[in-house]
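Residue numbers (my numbering): 761 to 980.
Inspection log for the structure reproduced underneath, given as structure tokens.
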């Protein structure tokens, strides 16, 4: 998850599968106060879904957590499923922004990959609800779950393809490379950031980075 995914738009999906997704029915606030209320609801939903689970949470518990009237919820979201979709998009934006800031001065693709892994593990450790919410999303709204990862993979593959053409990494199927790297990050984060609170030992990081280097380094 090391690509600059802040750049994701429909026009940046070179390997698009042309699926149609419901993104969200939420209403974009037109005032700063409205945006503040929307953010309160998203933060409350993150806590409720992350700590109690989607099915044990309710619109009522979300609004209580946010400190707003229940009727206010429906100004911004049509249902509990709708705010889950919006929350997945919000968590995606947070991750993109954090990764972009951490890797934008890293240099070539290999250095970006290495720094990206390190930062993703830090991010996952500080945002454990990201994993919990995405796991629930798979069963509540599979389309939103697929959109999250397919969009990410398409843009990741585009960046890897560019790096191949620049001679920064070895040539190969960029989609396969993207899925493999996302899978590697996902399970490293699950084991070393969610299931365990301590950073991985230095030898673990050295093994992972050596694996990345030999897997992607261009042939000389």
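Ideal Cβ placement from N, Cα and C applies to all residues, glycine included.
Take residue i as the anchor and find which of the options has the nearest alpha-carbon.
i           : options               : result
residue 880 : 796, 797 and 951      : 951
residue 944 : 922, 969 and 959      : 969
residue 882 : 946, 973 and 793      : 946
residue 810 : 936, 855, 907 and 890 : 890
residue 819 : 895, 840, 912 and 899 : 840
residue 794 : 900, 816 and 835      : 835
residue 923 : 948, 954, 896 and 870 : 870
residue 876 : 978, 948 and 956      : 948
residue 887 : 898, 956 and 913      : 956
residue 966 : 878, 831 and 919      : 878
residue 910 : 925, 830 and 936      : 936
residue 850 : 864, 908, 958 and 899 : 908
residue 912 : 932, 855 and 962      : 855
residue 813 : 958, 899, 914 and 932 : 899
Leaving out five residues before and five after residue i in sequence, what residues of the same chain have Cβ atoms less than 6 angstroms from its Cβ?
i           : result
residue 822 : 804, 805 and 808
residue 843 : 805 and 837
residue 885 : 953
residue 782 : Low local confidence applies: a pLDDT of 47 at residue 782 is under 50, so the model's placement there is unreliable, with the coordinate-based value given in what follows. Nothing meets the Cβ criterion.
residue 960 : 952
residue 892 : 810
residue 826 : 800, 801 and 804
residue 833 : 819 and 823
residue 934 : 917, 920 and 921
residue 866 : 872 and 875
Leaving aside the five residues before and after residue i along the sequence, list all residues of the same chain whose C-beta is less than 8 angstroms from its C-beta, in chain order.
i           : result
residue 828 : 797, 800 and 801
residue 873 : 762, 941, 972 and 976
residue 974 : none
residue 861 : none
residue 830 : 819, 820 and 823
If residue i and residue j are in contact, beta carbons under 8 angstroms, what's the gap, nearest whole angstrom?
i           : j           : result
residue 894 : residue 848 : 7 angstroms
residue 930 : residue 978 : 5 angstroms
residue 868 : residue 928 : 5 angstroms
Under 8 angstroms, Cβ to Cβ, is there at least one residue of chain B near residue i?
i           : result
residue 942 : Protein chains in the displayed structure number just one, and chain B is not present.
Closer than 7 angstroms by C-beta to residue i: which residues in its own chain qualify, once you throw out the five before and the five after it? Chain order, please.
i           : result
residue 897 : 844, 848, 904 and 905
residue 901 : 841, 844 and 845
Exercise for the section: List in chain order: all unbroken alpha helix (DSSP H) runs of 4+ residues lying wholly within the region 833 to 900. Expected result: Listed in chain order, they are 840 to 863, 869 to 886 and 888 to 900.
Practice task
Please go through the region 925 to 969 and give each complete beta strand (DSSP E) segment of 3 or more residues, from N-terminal end onward.
Solution key: For the region 925 to 969, not a single whole beta strand (DSSP E) run of length 3 or above is found.
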